[in-house]
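Enquirer:
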Amino acid sequence: MLGPSLRSTRSTAVAALVVGAALSTLGGPAAPPAPAAPSAARSAVAADPDDRPTVRGLPRPDGAYRFVSFPDFLNQDVGDVTRASHWRKGDPTGTNAAYEKSLDHVLDDVASQRPEAFLVAGDLVEGEWGKDETGADPFGPHRTTPQRKQALKEAARIYYGDWLRRVTDHGLRAYPAVGDHEIGDDPWKPRGDAQERAWIRFKAHHTWLWKRQLVKHTYDAVRRAPGDDLRRVGGVSSPERGQAGDTAYAVRLDRNLLLVTVDVFRPTSNGVSVSLDPDQRAWLSTVLRRAKKQQVPWVVVQGHVPVLGPVRTRFSSGLTYEGSDLWALLRRHDVDAYLCGEVHDHTVIRRQGVVQMCHGGLFYRGESSYVLGQVTETKLMLETRYLQGDPQWSGTKLWSTEGGNGPRRVVYRKPSRVVGTYVLKRDPERPGRTNRVKQSRGISGVRPGR
Numbered sequence: 207m208l209g210p211s212l213r214s215t216r217s218t219a220v221a222a223l224v225v226g227a228a229l230s231t232l233g234g235p236a237a238p239p240a241p242a243a244p245s246a247a248r249s250a251v252a253a254d255p256d257d258r259p260t261v262r263g264l265p266r267p268d269g270a271y272r273f274v275s276f277p278d279f280l281n282q283d284v285g286d287v288t289r290a291s292h293w294r295k296g297d298p299t300g301t302n303a304a305y306e307k308s309l310d311h312v313l314d315d316v317a318s319q320r321p322e323a324f325l326v327a328g329d330l331v332e333g334e335w336g337k338d339e340t341g342a343d344p345f346g347p348h349r350t351t352p353q354r355k356q357a358l359k360e361a362a363r364i365y366y367g368d369w370l371r372r373v374t375d376h377g378l379r380a381y382p383a384v385g386d387h388e389i390g391d392d393p394w395k396p397r398g399d400a401q402e403r404a405w406i407r408f409k410a411h412h413t414w415l416w417k418r419q420l421v422k423h424t425y426d427a428v429r430r431a432p433g434d435d436l437r438r439v440g441g442v443s444s445p446e447r448g449q450a451g452d453t454a455y456a457v458r459l460d461r462n463l464l465l466v467t468v469d470v471f472r473p474t475s476n477g478v479s480v481s482l483d484p485d486q487r488a489w490l491s492t493v494l495r496r497a498k499k500q501q502v503p504w505v506v507v508q509g510h511v512p513v514l515g516p517v518r519t520r521f522s523s524g525l526t527y528e529g530s531d532l533w534a535l536l537r538r539h540d541v542d543a544y545l546c547g548e549v550h551d552h553t554v555i556r557r558q559g560v561v562q563m564c565h566g567g568l569f570y571r572g573e574s575s576y577v578l579g580q581v582t583e584t585k586l587m588l589e590t591r592y593l594q595g596d597p598q599w600s601g602t603k604l605w606s607t608e609g610g611n612g613p614r615r616v617v618y619r620k621p622s623r624v625v626g627t628y629v630l631k632r633d634p635e636r637p638g639r640t641n642r643v644k645q646s647r648g649i650s651g652v653r654p655g656r
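Heads up: the sequence shown runs through residues 207 to 656, numbered per my numbering.
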């Protein structure tokens with residue numbers, strides 16, 4: 207279980223925090239696009255998702271289980287700050303009618319696919335809480351550690367509360383994962399002036415508190431599971447011990463589908479590493495081994511960062527977990543698909559039978575993208591859909607504690623269009639868990655080096 211007494215345990219396979227080349231800065235209307243990561247620089251794929259061609263969508267098989275995967279939704283703090291404990295008349299509001307209308311538009315589009323589960327592989331929020339670079343302080347003072355903790359909790363109440371309300375108001379059942387923004391965003395090693403160093407030390411020493419807020423405010427669907435038997439639809443399992451005891455989980459979404467959610471952010475004496483703690487690793491191995499033994503038709507794992515590369519990267523620090531114990535477990539236990547975000551762009555890699563699909567995009571930059579999954583006994587069908595918006599950068603940014611991380615307005619009017627399809631097929635009469643690629647089109651069919 208998570209708690210202030212959490213101590214990190216040294217892992218034999220700790221992955222470094224690898225920062226990619228696609229850092230972006232937020233600016234006014236003439237803000238330049240982020241420089242491309244090396245993999246994208248070699249690619250013939252249009253750098254701007256708006257320019258990627260539409261492809262034919264997938265059929266909708268009768269009886270298929272449907273889910274939507276939408277990592278990095280929202281990757282931004284958007285909420286009604288007027289409800290905060292220290293808000294005063296004249297302070298910023300944290301949202302506006304244009305944002306709420308556009309969020310409704312995007313979520314209406316998602317809901318129109320009639321998914322039974324809404325997967326979000328991290329970065330629901332911006333999450334730089336327990337400080338305020340603007341001086342407005344609607345969440346309270348933050349000079350001392352107790353004050354920072356309280357301000358963090360208050361910000362989480364507002365932002366996660368509004369996030370979940372929007373999702374549930376559209377009839378969606380959320381299954382989130384921990385991303386770097388759920389623990390204050392990287393970096394976690396002190397740098398900068400004295401004030402910045404104090405803030406970074408605070409968040410590095412209190413990752414348990416950040417994670418606790420995510421679970422408290424957004425894990426409703428996981429907590430309401432009817433049982434802990436993964437052989438039955440609705441069953442949920444979590445590690446019994448370790449730092450991911452509250453944040454990692456497996457849920458039997460359908461007789462044909464097991465979803466496993468991992469927490470790849472592990473506190474260490476030096477900050478945070480992208481790695482699995484030993485307890486989570488042992489639990490994950492057990493869950494995957496049993497799923498294979500029970501012949502669950504399809505096993506999907508979601509985590510925040512890529513485990514295979516290279517991947518296209520857009521407006522992202524590009525955290526990765528390559529060459530890891532997580533990848534080894536996915537391969538060893540014949541996992542079908544690993545769904546991840548972080549990089550805000552789309553890349554599909556299939557290696558040794560495991561498909562990694564990096565996907566998602568930034569809502570506030572007008573680049574929302576999600577994957578519609580459909581599952582039958584013999585097929586796993588993944589359809590990538592893209593929504594183009596219009597971020598309006600003139601004037602001030604939307605207020606947030608780090609000084610604003612999005613335009614004052616962003617407008618979405620168009621429906622989503624299909625930009626990629628990927629289909630895996632399995633013969634139920636054949637032994638083992640081997641799958642084969644039935645179809646790959648559009649952005650899902652283009653290798654990262656092209």
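Using N, Cα and C, we set each Cβ at its ideal position, and we do this for glycine too.
What residue range is occupied by the uninterrupted alpha helix (DSSP H) comprising Q353?
Expert: 351-375
Enquirer: For the putative contact between Q486 and A450, defined by C-beta atoms under 8 Å, what is the C-beta separation to the nearest angstrom?
Expert: 4 Å
Enquirer: Taking Q594 as the reference, which of T374, P621, L535 has the closest Cα?
Expert: Looking at the Cα atoms, P621 is the closest of the given residues.
Enquirer: Using only CA atoms, which one of G336, A342, G328 lies nearest to R349?
Expert: G336
Enquirer: Going by DSSP, which residues form a beta bridge with A497?
Expert: Its beta-bridge partners do not exist; DSSP assigns none.
Enquirer: The beta strand (DSSP E) with K603 in it runs from where to where?
Expert: Where K603 is concerned, the enclosing beta strand (DSSP E) stretches over 585-603.
Enquirer: What runs of the beta strand (DSSP E), each 3 residues or longer, lie entirely inside the segment 528-570?
Expert: The qualifying runs are 543-546, 553-557, 560-564.
Enquirer: Which of helix, strand or coil does DSSP assign to R289?
Expert: helix
Enquirer: Specify whether the segment 497-516 and the segment 405-420 touch according to this definition: at least 3 beta carbon pairs, one from each stretch, less than 8 Å apart.
Expert: no
Enquirer: Nearest-angstrom Cα distance between V577 and W489?
Expert: 27 Å
Enquirer: R458 to A431, Cα distance in whole Å?
Expert: Distance between the alpha carbons of R458 and A431: 10 Å.
Enquirer: Of all the beta strand (DSSP E) runs that stay within the bounds of the segment 375-399, which reach a length of 3 or more residues?
Expert: With a minimum length of 3 residues, the continuous beta strand (DSSP E) runs that stay inside the segment 375-399 are 380-382.
Enquirer: Kindly give me the distance between the Cβ atoms of Q580 and A327, rounded to whole angstroms, as I take these residues to be in contact under 8 Å.
Expert: Going by Cβ atoms, the distance from Q580 to A327 rounds to 18 Å, so no, they are not a contact pair.
Enquirer: Which same chain residues end up closer than 7 Å to H292 when comparing Cβ atoms and leaving out the 5 residues on each side of it in sequence?
Expert: D343, P344, F345, G346
Enquirer: Considering only the beta carbon of each residue, do M587 and V624 sit closer than 7 Å?
Expert: no
Enquirer: Am I right that A304 and V561 are in contact with their C-beta atoms under 8 Å? What's the rounded C-beta distance?
Expert: Not a contact, Cβ separation roughly 37 Å.
Enquirer: Near R447, which residues of its chain fall below 7 Å by C-beta distance, leaving aside the five closest residues on each side in sequence?
Expert: Answer for R447: D485, listed in chain order.
Enquirer: Return the residue from the list V439, D426, L464, V468 that minimises the CA-CA distance to P445.
Expert: Per the Cα distances, V468.
Enquirer: Report all residues from its chain with a CB closer than 6 Å to the CB of D283; omit the five preceding and five following residues, and keep chain order.
Expert: Cβ neighbours of D283 beyond the five flanking positions: V331, E332, Y365, S606.
Enquirer: List the whole-angstrom C-beta distance separating E548 from S522, where the pair is believed to meet the contact cut-off of C-beta under 8 Å.
Expert: Going by Cβ atoms, the distance from E548 to S522 rounds to 6 Å, so yes, they are a contact pair.
Enquirer: Skipping 5 residues on each side, what residues in its chain have a beta carbon closer than 6 Å to that of W533?
Expert: V513
Enquirer: According to the neighbour-count rule (16 or more other Cβ atoms, all chains shown, within 10 Å of its Cβ), is Q508 buried or exposed?
Expert: Around the beta carbon of Q508, a 10 Å sphere encloses 16 or more other beta carbons of the protein chains shown; the residue is thus reported as buried.
Enquirer: Which residue's Cα is closest to the Cα of G479: R258, D368, L536, L525?
Expert: According to the sequence as given, residue 479 is Ser; it is not Gly. Considering only alpha carbons, the answer is L525.
Enquirer: I need the straight-line Cα distance from A323 to T590, nearest angstrom please.
Expert: 16 Å
Enquirer: Please report the residue range of the beta strand (DSSP E) in which A323 lies.
Expert: Per DSSP, A323 belongs to the beta strand (DSSP E) from 323-326.
Enquirer: Report the CB separation of V652 from V261 in whole angstroms; it is logged as a contact under 8 Å.
Expert: Rounded, the Cβ-Cβ distance is 11 Å, inconsistent with contact.
Enquirer: Report the partner residues of R272 according to the DSSP bridge assignment.
Expert: Paired residues: Q580.
Enquirer: Give a yes or no on whether the C-beta atoms belonging to G300 and V312 are separated by under 7 Å.
Expert: V312 sits away from G300, with the two beta carbons spaced by 7 Å or more.
Enquirer: Taking the beta carbon of E635 as the centre, do at least 16 other beta carbons fall within 10 Å, making it buried, or is it exposed?
Expert: exposed
Enquirer: Would you check if the distance between the CB atom of L325 and the CB atom of T627 is smaller than 7 Å?
Expert: Between L325 and T627, the gap from beta carbon to beta carbon reaches 7 Å or more.
Enquirer: Nearest-angstrom Cα distance between E608 and E334?
Expert: 6 Å
Enquirer: What number of angstroms, rounded off, separates the C-alpha of K644 from the C-alpha of D256?
Expert: Cα-Cα distance, rounded: 27 Å.
Enquirer: Quick one: give me the first and last residue of the beta strand (DSSP E) that S646 is part of.
Expert: Here the beta strand (DSSP E) through S646 covers 642-648.
Enquirer: Along the alpha helix (DSSP H) that carries L309, what are the first and last residues, could you check?
Expert: 303-317
Enquirer: Entirely within the segment 466-512 and at least 4 residues each: give me those alpha helix (DSSP H) ranges in chain order.
Expert: Listed in chain order, they are 484-499.
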